[in-house]
Structure formats: C-alpha cells, structure tokens
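A.B. asks: This structure is in structure tokens; I'll ask about it shortly.
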Amino acid sequence: MGGSVITPEDVLESLMNDGTIDTIRLKIINQLKNNEELKRNTITMVEQSKVLNTPGAEKQTKRELFDALRGELETPVLEKASKAVWELILDTNGLGKEISEVVERVYRRLSGNESLSQPAFAPVEKDGEGKEREKEKPSEMGESSTRKRTYGEMNAADMGEAVLSGSSDHLPAA
Numbered sequence: 001m002g003g004s005v006i007t008p009e010d011v012l013e014s015l016m017n018d019g020t021i022d023t024i025r026l027k028i029i030n031q032l033k034n035n036e037e038l039k040r041n042t043i044t045m046v047e048q049s050k051v052l053n054t055p056g057a058e059k060q061t062k063r064e065l066f067d068a069l070r071g072e073l074e075t076p077v078l079e080k081a082s083k084a085v086w087e088l089i090l091d092t093n094g095l096g097k098e099i100s101e102v103v104e105r106v107y108r109r110l111s112g113n114e115s116l117s118q119p120a121f122a123p124v125e126k127d128g129e130g131k132e133r134e135k136e137k138p139s140e141m142g143e144s145s146t147r148k149r150t151y152g153e154m155n156a157a158d159m160g161e162a163v164l165s166g167s168s169d170h171l172p173a174a
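1 is the number of the first residue of the sequence shown in the UniProt record's numbering; add one for each residue after it.
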C-alpha cells in the first residue's frame with residue numbers, strides 16, 4: 001500500500017479480517033466477568049429492587065419477575081457495564097494500551113512501515129518439529145482473494161467503529 005493514505009476504515013477492516021476485534025472483545029468480556037465491583041453493584045441493585053421488594057412479588061412467576069426486573073434494572077446495569085468497558089478500553093496501562101499498540105502496528109503495516117510478519121494479536125502454532133510459527137492470516141493471503149465475513153466479524157465492526165470514533169452508541173451489550 002506504500003504511498004496511499006491509510007484510513008481508519010482500512011485499519012478497522014484489517015483488524016476485523018485478522019480476528020483481532022474478536023480477540024479484543026473476548027478479553028473485554030472476560031475482564032467484565034471478573035470485575036467484582038460490577039458484580040457487587042449489580043447484586044446490590046437487585047437486592048434493592050422495587051420489583052422484588054413489592055408485596056406480592058413472591059406470588060409472581062419467575063418469568064414475570066424476570067421481565068419486571070429487566071425493565072427496572074436493564075438500563076442502569078448496562079450503563080455501569082458500558083462505563084467499565086470504556087475504562088478498560090481507555091486504560092493507558094492495561095487493555096487500552098494493548099489496543100493502541102495493536103492499532104498503531106496495523107497502521108504501520110498497512111503504510112508499509114512494518115513487515116507483514118508482525119501480526120496484531122498473533123495466533124501461534126507449532127510446526128511438525130515443535131517450533132513455533134505464525135498462523136497464516138486471511139489478510140496476508142493477498143488482497144485479490146475474496147472471503148465472506150462471518151456474522152461475528154460483521155458484528156465486530158460495530159465495536160471497532162465505536163472504538164475508533166469514541167462513541168459508545170455501537171458497543172455491544174456485555
């Protein structure tokens with residue numbers, strides 16, 4: 001790509017096609033699952049729920065309670081989760097730093113300033129002799145090869161666009 005202008009869309013497409021967006025999404029989900037403060041806040045919200053603390057709640061079916069709880073708590077719980085995701089993404093020492101480095105590396109690679117043998121989140125395989133080697137990635141197979149993206153890859157575009165644009169409107173609910 002040498003002298004052409006590299007756009008954020010070019011970088012995002014590369015990240016989607018090589019599986020990096022999916023890898024980042026999994027890291028975010030795993031960190032959210034391990035976020036004890038988020039768990040405690042959610043438990044507290046449920047315990048203090050008007051739905052559960054209303055007389056007669058014990059006579060409702062599980063489905064009725066669940067639907068009512070969802071109506072009451074979905075927005076505040078998702079707001080807290082969204083805030084936690086942005087803290088992860090913007091963290092200059094943890095995942096945020098890793099994301100910035102990956103985006104920079106892909107940008108440099110697309111600009112022709114870095115060798116193609118340095119993938120973003122490189123999957124590593126062992127060859128027949130037990131030596132580690134990079135797994136060939138679709139984006140490195142040549143621009144002329146066409147490949148349909150999976151549903152997961154297409155959904156990853158929403159998160160990638162949100163990361164690049166700084167918007168939380170496209171972030172998936174975690």
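Heads up, the beta-carbon is just placed ideally off N, CA and C, and yes, glycines get one too.
1. Measure the C-alpha to C-alpha separation of Thr75 and Ser82 and round it to an integer number of angstroms.
2. Would Ala84 pass as a contact of Leu32 if the rule is Cβ separation under 8 Å?
3. Are at least three pairs of beta-carbons, each pair with one atom in the stretch 19-28 and one in the stretch 92-107, less than 8 Å apart?
4. Give me, in chain order, the residues of the same chain whose beta-carbon lies closer than 8 Å to that of Gly94; leave out the 5 immediate sequence neighbours on both sides.
5. Specify the secondary structure class of Asp18 as computed by DSSP and reduced to three states.
6. For a test of the three-state rule: what should DSSP assign to Lys33, helix, strand or coil?
7. Find out if the Cβ-Cβ distance for the pair Leu73, Val103 is shorter than 8 Å.
8. Please specify which runs of the beta strand (DSSP E), each continuous and at least 3 residues long, are wholly inside the stretch 25-97, giving them in chain order.
9. Can Leu110 and Val5 be called in contact, C-beta distance under 8 Å?
10. Out of curiosity, what's the CA-to-CA distance linking Gly19 and Lys80?
11. Using 10 angstroms around the beta-carbon of Ile28, count the other beta-carbons present and answer buried if the total reaches 16, otherwise exposed.
C.D. replies: Short version:
1. On the sequence shown, residue 75 is found 75 positions in, with the first residue counted as 1. On the sequence shown, residue 82 is found 82 positions in, with the first residue counted as 1. For Thr75 and Ser82, the distance between alpha carbons rounds to 10 Å.
2. As a first step, residue 84 must be located in the sequence shown, where it is residue number 84. As a first step, residue 32 must be located in the sequence shown, where it is residue number 32. The answer is yes: Cβ separation under 8 Å.
3. yes
4. Indexing the sequence shown from 1 puts residue 94 at position 94. Cβ neighbours of Gly94 beyond the five flanking positions: Leu88.
5. Position 18 of the sequence shown holds residue 18. Looking at Asp18 - three-state DSSP - the assignment turns out to be coil, as it is neither helix nor strand.
6. The residue given as residue 33 occupies position 33 in the sequence shown. DSSP places Lys33 in helix when its eight states are reduced to three.
7. Start at 1 with the first residue of the sequence shown, and residue 73 comes out as number 73. Start at 1 with the first residue of the sequence shown, and residue 103 comes out as number 103. Not a contact, by the Cβ cut-off of 8 Å.
8. none
9. As a first step, residue 110 must be located in the sequence shown, where it is residue number 110. As a first step, residue 5 must be located in the sequence shown, where it is residue number 5. Not in contact: Leu110 and Val5 (Cβ atoms no closer than 8 Å).
10. Translated into the one-based positions of the sequence shown, residue 19 becomes position 19. Translated into the one-based positions of the sequence shown, residue 80 becomes position 80. Rounded to the nearest angstrom, the two C-alpha atoms are 27 Å apart.
11. On the sequence shown, position 28 is the one that residue 28 refers to. Result: buried.
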